[in-house]
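Step one of this worksheet: look at the structure below.
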Amino acid sequence: MKCKMIASLGPSMNSLDLIVNAVLEGVSGFRINFTHGNETLWSRYVDYVRKAEKAAEKYIALIGDLTGPSIRLGELDKPLELKRGDVAYFVSGIKGSSEKKEIPLPLREVFEKLEVGDIIVMDDGKVRLRVTDISRSRIEVVALTDAVIKSRKAMVVTNKEFDLPPLTQKDMKNIEFSIEKDLDYIALSYVRRASDVLMLRNVLKRKGHEDIGVIAKIETRSAIKNLEEIIEVSDAILVARGDLGMNFGLEEIPSLQRYIVRKALEVGKPVIIATQLLESMLENPVPTRAEVVDITMAVSEGADALMLTGETAVGRYPLEAIRWLRRIIEFAEREFEVPRPRKPKNLRQRYAKGVTELAEDLEAKLVIFSKHGNTARLVSLLRPKSEFYVGSPSTKVLRLLSILWGANPLFVEADRYEEGVAKTYEVLKHEGILKLGELVVLTYGLRGDEQVIRIKRVEP
14 MKCKMIASLG PSMNSLDLIV NAVLEGVSGF RINFTHGNET LWSRYVDYVR
64 KAEKAAEKYI ALIGDLTGPS IRLGELDKPL ELKRGDVAYF VSGIKGSSEK
114 KEIPLPLREV FEKLEVGDII VMDDGKVRLR VTDISRSRIE VVALTDAVIK
164 SRKAMVVTNK EFDLPPLTQK DMKNIEFSIE KDLDYIALSY VRRASDVLML
214 RNVLKRKGHE DIGVIAKIET RSAIKNLEEI IEVSDAILVA RGDLGMNFGL
264 EEIPSLQRYI VRKALEVGKP VIIATQLLES MLENPVPTRA EVVDITMAVS
314 EGADALMLTG ETAVGRYPLE AIRWLRRIIE FAEREFEVPR PRKPKNLRQR
364 YAKGVTELAE DLEAKLVIFS KHGNTARLVS LLRPKSEFYV GSPSTKVLRL
414 LSILWGANPL FVEADRYEEG VAKTYEVLKH EGILKLGELV VLTYGLRGDE
464 QVIRIKRVEP
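Going by the working numbering, the first residue of the sequence shown is number 14, and it counts up by one from there.
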């Protein structure tokens with residue numbers, strides 16, 4: 014399986030046994046959603062994942078997903094149930110009343126900018142409200158759908174964006190936690206422009222942790238408009254289909270997904286697709302036919318990884334969802350060839366292309382030793398038909414590479430590149446991954462003006 018799987022942690026995926034089993038089923042990364050829970054809970058998740066990593070002898074990426082500058086409701090005393098046509102009211106503040114049909118909106122600046130006719134969307138589009146009247150103390154809305162409105166839900170105002178800071182105080186605390194617990198990636202929510210990503214990068218740089226990867230979540234209209242500049246300054250891109258579906262018409266999502274994936278691969282950055290891949294498996298043990306088609310299309314478009322969200326975080330069948338995702342990915346990979354970059358742009362890309370094509374022409378496995386993972390990233394981008402393995406002395410690099418398309422990371426203790434590529438070969442041979450008589454292409458990529466490529470037949 015070359016397209017990787019990422020699972021979200023939560024009440025349904027909250028024990029060491031479950032997480033070990035998820036890794037054994039092929040999960041390469043786990044997401045911690047900082048919108049829910051607290052540091053005690055998140056610390057337990059980190060501990061479980063690192064223990065599972067050792068138990069399964071695999072390298073696993075941990076992703077901290079920042080809440081970001083979303084517009085969220087305050088606290089309701091209980092869920093508010095509305096029927097289509099029912100009237101409710103937004104009130105400014107942190108607490109509301111379901112009995113009075115008062116929905117709390119803590120951000121006063123948002124409250125003040127709502128206008129009659131605005132459409133408010135929540136819960137991945139399941140809840141739609143129209144603003145019908147505005148007074149100083151409250152805003153009247155009418156339900157366009159049957160709806161259940163719950164505390165702290167994110168909301169979007171269709172065709173309207175608010176000038177909120179890219180990082181909130183809560184985000185800053187969550188970044189500190191991510192650094193303290195040695196998370197591998199931080200996902201930045203509600204990105205609008207490249208400067209939002211650079212702000213997070215500067216925070217990590219000031220704290221001496223530039224090695225943490227930055228994932229830009231594409232979910233706003235501004236992000237689509239500024240997509241190329243955002244991709245350029247990010248380590249990876251995440252197609253956040255839930256909020257995209259609240260900012261755009263649902264019929265636009267497939268073409269937007271293809272566009273984002275294509276642009277990410279053109280620029281040369283990994284891309285993850287998330288949200289509602291197996292939504293029906295929140296309640297059911299098997300997926301729908303439409304979900305199988307959706308996942309197949311995501312694989313055929315060339316995504317590096319597919320991320321399960323609610324399916325594993327709160328669903329009734331978390332392991333079954335993972336098994337089905339793997340089953341669909343594996344079948345799709347046998348049936349479809351994924352798109353590959355057309356032309357390399359620089360010497361490093363040309364080198365990676367040459368090594369990849371050499372391994373493919375020889376029908377050989379490709380073995381890379383890399384201290385920083387750069388050559389491995391370029392090879393992954395080329396979507397090689399050959400299996401490729403990456404040895405590195407850096408656990409951080411191996412975890413970062415674990416969610417890249419086709420990459421098989423393994424730890425190799427070596428200071429020198431020549432020593433490293435030789436040790437990587439020996440480890441793979443010892444583990445039986447390299448079979449007697451097979452051809453292997455070995456390299457450690459570009460290093461200054463020197464490059465080494467070796468072709469070797471596996472011998473006893």
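Positions of the beta carbon are idealized from the N, C-alpha and C atoms, including for glycine.
Opposite residue i in the DSSP bridges: which residues?
| i | result |
| --- | --- |
| asparagine 421 | Tyr402 |
| alanine 74 | Gly42 |
| arginine 470 | Leu452 |
| arginine 339 | Paired residues: none, contrary to the question. |
| valine 380 | Tyr402, Leu455 |
| tyrosine 102 | Glu115, Glu153 |
| glycine 109 | Leu89 |
| serine 21 | Arg44 |
| glutamate 94 | Val161 |
| tyrosine 198 | Ile76, Gly226 |
| methionine 26 | Gly23 |
| isoleucine 84 | Met168 |
Is it right to say residue i is buried, meaning 16 or more other beta carbons lie within 10 angstroms of its own, or is it exposed?
| i | result |
| --- | --- |
| serine 28 | exposed |
| isoleucine 286 | buried |
| isoleucine 162 | buried |
| proline 422 | buried |
| methionine 212 | exposed |
| valine 403 | buried |
| asparagine 215 | exposed |
| threonine 145 | exposed |
| alanine 303 | exposed |
| isoleucine 468 | exposed |
| proline 92 | exposed |
| lysine 17 | buried |
| glycine 130 | exposed |
| threonine 325 | buried |
| proline 397 | buried |
| valine 306 | exposed |
| proline 179 | buried |
| lysine 282 | buried |
| lysine 220 | exposed |
| glycine 445 | exposed |
| threonine 388 | buried |
| threonine 53 | exposed |
| lysine 230 | buried |
Please tell me whether residue i and residue j are closer than 8 Å, where the distance is taken between their beta carbons.
| i | j | result |
| --- | --- | --- |
| aspartate 317 | isoleucine 416 | yes |
| proline 298 | leucine 291 | no |
| tyrosine 72 | glutamate 66 | yes |
| leucine 332 | alanine 365 | no |
| leucine 449 | valine 434 | no |
| methionine 26 | arginine 339 | no |
| isoleucine 107 | glutamate 88 | yes |
| leucine 75 | aspartate 197 | yes |
| arginine 254 | threonine 288 | yes |
| arginine 85 | arginine 149 | no |
| leucine 360 | valine 454 | no |
| leucine 31 | isoleucine 45 | no |
| glycine 226 | leucine 413 | yes |
| serine 56 | lysine 194 | yes |
| isoleucine 133 | valine 155 | no |
| isoleucine 19 | methionine 294 | no |
| leucine 263 | isoleucine 237 | no |
| leucine 240 | isoleucine 192 | no |
| valine 169 | asparagine 51 | no |
| valine 410 | valine 425 | no |
| valine 104 | arginine 141 | no |
| tyrosine 438 | valine 368 | no |
| valine 284 | isoleucine 250 | yes |
| serine 235 | arginine 275 | no |
| serine 405 | lysine 384 | yes |
| phenylalanine 401 | glycine 419 | yes |
Okay, do the region 72–92 and the region 187–200 touch, 3+ Cβ pairs below 8 Å being the bar? yes
Would you list, in sequence order, the uninterrupted alpha helix (DSSP H) runs of no fewer than 4 residues that lie entirely inside the region 281–329? 302–314, 323–326
In chain order, which beta strand (DSSP E) runs of at least 3 residues are fully inside the region 211–277? Every beta strand (DSSP E) stretch that sits fully inside the region 211–277 and reaches 3 residues is listed by chain position as 226–231, 249–253.
Within the region 120–168, ranges of the beta strand (DSSP E) (whole runs, at least 3 residues): 132–135, 140–147, 151–156, 160–162
With a threshold of 8 Å, are at least 3 pairs of Cβ atoms found where one atom belongs to the region 99–108 and the other to the region 200–220? no
Quick check: the region 40–53 against the region 171–181, are at least 3 beta-carbon pairs closer than 8 Å? In short, these stretches do not touch, since the Cβ pair count stays below three.
Sufficient close CB pairs (3 or more, under 8 Å) joining the region 344–352 to the region 306–326: Enough Cβ pairs lie closer than 8 Å, so yes.
Jot down the residue ranges of each uninterrupted alpha helix (DSSP H) in the region 169–196, minimum 4 residues, whole runs only, in chain order. 182–193
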